[in-house]
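Residues 29 to 123 in the numbering used here are what the sequence shown spells out, letter by letter.
All C-beta atoms in this analysis are idealised placements derived from N, C-alpha and C, irrespective of residue type, glycine included.
Just so you know, these numbers come straight off a predicted model, no measurement behind them.
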Amino acid sequence: MTKQELVQAVAEMTGGTTANVEQTINATMCQIREAVERGEEVTLRGFGTFKPKACKARVARNIGTGESVRVAAHMKPSFKPAKDFVTETAKLAVV
């Protein structure tokens, strides 16, 4: 599902306009992104938690040249699904 398909589905479900729904989804994603950038966790009960994750400095290898490359310590966004979300998804049939 693309973002536009999500907007359309939510608009149909709520009876709102696609413009209002898209604005709401964009604002929600912006707030989540800004909170994680500030080092905060964002928990949506029943869905999951967005949080920053620390990555240690390490030495990696350039596959093309075989050269060693130093990767600096950095933060990256992480998502951990809620237990209910995982449980419900596990019930789905494998195709």
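Keeping to the same chain, check which residues put their C-beta closer than 7 Å to that of residue i; ignore five residues upstream and five downstream.
{"i": "F75", "result": "A110 and F113"}
I'd like to know if residue i contacts chain B, where contact means its C-beta is closer than 8 Å to some C-beta of that chain.
{"i": "M103", "result": "Protein chains in the displayed structure number just one, and chain B is not present."}
Alpha carbon to alpha carbon, what distance is there between residue j and residue i?
{"i": "I60", "j": "V97", "result": "32 Å"}
{"i": "F53", "j": "F78", "result": "For the sequence presented, residue 53 should be read as Ile rather than Phe. One C-alpha to the other measures close to 16 Å."}
{"i": "T30", "j": "L120", "result": "21 Å"}
{"i": "P105", "j": "E65", "result": "8 Å"}
{"i": "V123", "j": "E116", "result": "16 Å"}
{"i": "T56", "j": "A63", "result": "11 Å"}
{"i": "L72", "j": "V35", "result": "19 Å"}
Closest to residue i by CA distance: which of the options is it?
{"i": "A100", "options": "F107, K84 and L72", "result": "K84"}
{"i": "H102", "options": "L34, K108, P80 and T71", "result": "P80"}
**Study point:** Segment contact flag, the stretch 85–95 with the stretch 31–51, C-beta cutoff 8 Å, min 3 pairs
**Key:** They do not touch, by the three-pair rule.
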